[in-house]
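The opening residue of the sequence shown carries number 53 in the numbering used here; numbering runs sequentially from there.
C-beta: ideal position from N, C-alpha, C; glycine also.
Only one structure is covered here, and it is reproduced in the block below.
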Amino acid sequence: MAIIGYARVSTIDQDLTLQKNALKKAGCRKIFSEKQSATKTEGRKELGACLDYLREGDTLIVTRIDRLSRSLRDLQNLVHDLNKSGIYIKTIEQPIDTSNAAGKAFFDMLGVFAEFETNLRRERQLEGVAKAKKDGKYKGRQPTARAKSYEVISLIKDGLTRDAVSKKLDIGIASVYRILKEYQENNPDSPLPGSRSKIKIATLEVSLYIENNSKFVRGKKKAREDIEYEWSRYYQMRKLHSDGQDYLLKVTYETAEELDSSVDDIITEAQSAADLRNCYSEVNVKHKETNNYWPW
């Protein structure tokens with residue numbers, strides 16, 4: 053039941069003394085502090101150390117909530133993780149205390165504001181694209197892996213390995229295999245170099261957990277549908293139970309490194325799809341043949 057403090061200022065020119073003194077008066081037995089921008093929580097070593105130190109029943113105190121993050125999405129995810137771990141957040145200069153009903157209401161409202169922030173960002177992005185098109189300055193997105201299919205096939209025919217093609221074109225190894233698989237299905241009488249040599253198939257047991265970030269979000273079902281659609285496009289997928297969260301995916305690979313990369317793609321795709329629906333996701337993968345695990 054410890055009371056832990058966290059202090060932060062944005063630049064090295066600012067002073068942490070006032071925040072530290074306020075945290076000491078609030079009863080903090082240990083204080084983590086750093087001079088770092090708060091646009092995102094990642095990359096902040098002292099905040100990471102603070103979060104690792106906290107235990108169930110502890111209270112994290114800051115002078116103001118923006119000391120933790122200025123991004124609503126990051127703040128929501130942070131509060132969600134702490135709440136899930138049984139850790140409370142309290143601010144000195146604002147009436148926020150997640151151990152009581154009002155504080156829990158604040159936690160719920162974060163989901164609403166985070167969704168608003170996301171929608172506003174998308175709206176501004178679309179407005180920017182529309183203006184760029186009108187001014188004749190819009191160049192569109194960078195080519196995706198699928199747009200590089202011709203280059204992938206050409207390089208493979210020239211004798212490059214799958215891994216070399218992945219590095220040369222700066223695309224994931226899983227994307228290379230997807231392109232080659234589609235090509236082979238459409239051209240069964242034209243085997244590519246190496247297509248019958250070292251290629252192996254891994255059976256992956258995948259558990260996908262999805263939760264709404266707050267009670268104001270209703271994207272959990274859609275997020276799962278989006279993820280299943282993406283997985284079924286690129287892998288041989290079987291859902292073990294119609295209303296369950298367990299799947300079997302067949303993934304082609306040559307080396308252990310390539311399999312790791314493919315699994316990383318599977319997990320990242322799921323996380324991105326869930327985030328777009330304002331949901332939290334957790335993916336656990338087990339290689340059926342070797343019993344290797346990839347927890348996220």
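Give the DSSP-derived three-state secondary structure of residue i in the structure shown.
i: residue 295; result: coil
i: residue 101; result: helix
i: residue 332; result: strand
i: residue 288; result: strand
i: residue 60; result: strand
i: residue 142; result: strand
i: residue 149; result: strand
i: residue 340; result: coil
i: residue 269; result: coil
i: residue 264; result: strand
i: residue 257; result: strand
i: residue 203; result: helix
i: residue 120; result: coil
i: residue 355; result: Lying before the first or after the last residue shown, residue 355 is absent from the chain, which here runs from 53 to 348.
i: residue 351; result: What is shown of the chain runs 53 to 348, which leaves residue 351 out entirely.
i: residue 14; result: Within the shown structure, residues of the chain are numbered from 53 to 348, placing residue 14 beyond reach of any answer.
What do you reckon, are the CB atoms on residue i and residue j nearer than 9 Å?
i: residue 238; j: residue 330; result: no
i: residue 99; j: residue 60; result: yes
i: residue 56; j: residue 96; result: no
i: residue 254; j: residue 305; result: yes
i: residue 297; j: residue 345; result: no
i: residue 127; j: residue 113; result: no
i: residue 323; j: residue 335; result: yes
i: residue 299; j: residue 280; result: yes
i: residue 349; j: residue 266; result: Because the chain spans 53 through 348 in this model, residue 349 falls outside it and cannot be assessed.
i: residue 278; j: residue 325; result: yes
Could you say which of the options lies nearest to residue i if we only look at CA atoms?
i: residue 333; options: 231, 294, 108 and 132; result: 132
i: residue 111; options: 104, 142, 319 and 97; result: 142
i: residue 257; options: 290, 321 and 140; result: 290
i: residue 288; options: 320, 294 and 301; result: 301
i: residue 109; options: 272, 121, 119 and 135; result: 135
i: residue 140; options: 103, 236 and 284; result: 103
i: residue 295; options: 128, 327, 259 and 312; result: 259
i: residue 54; options: 67, 83, 62 and 68; result: 83
i: residue 225; options: 106, 214, 299 and 322; result: 214
i: residue 44; options: 328, 311 and 317; result: Outside the modelled stretch of the chain, which goes from 53 to 348, sits residue 44, for which no answer is possible.
i: residue 327; options: 161, 273 and 336; result: 273
i: residue 352; options: 223, 203, 147 and 69; result: Residue 352 cannot be examined here, being either before or after the span of the chain that is shown, 53 to 348.
i: residue 78; options: 86, 58, 62 and 88; result: 58
i: residue 119; options: 218, 62, 158 and 275; result: 62
Once you ignore the five residues that flank residue i on each side, which residues in its own chain have a CB closer than 6 Å to its CB?
i: residue 343; result: none
i: residue 149; result: 142 and 155
i: residue 115; result: 71, 74, 144 and 145
i: residue 229; result: 304
i: residue 205; result: 235
Between residue i and the rest of its own chain, which residues show a CB-CB distance below 8 Å, the 5 nearest in sequence each way excluded?
i: residue 220; result: 207 and 212
i: residue 147; result: 154
Going by beta carbon distance, what residues of the same chain come within less than 7 Å of residue i, once the five residues before and after it are set aside?
i: residue 101; result: 84
i: residue 138; result: 108 and 109
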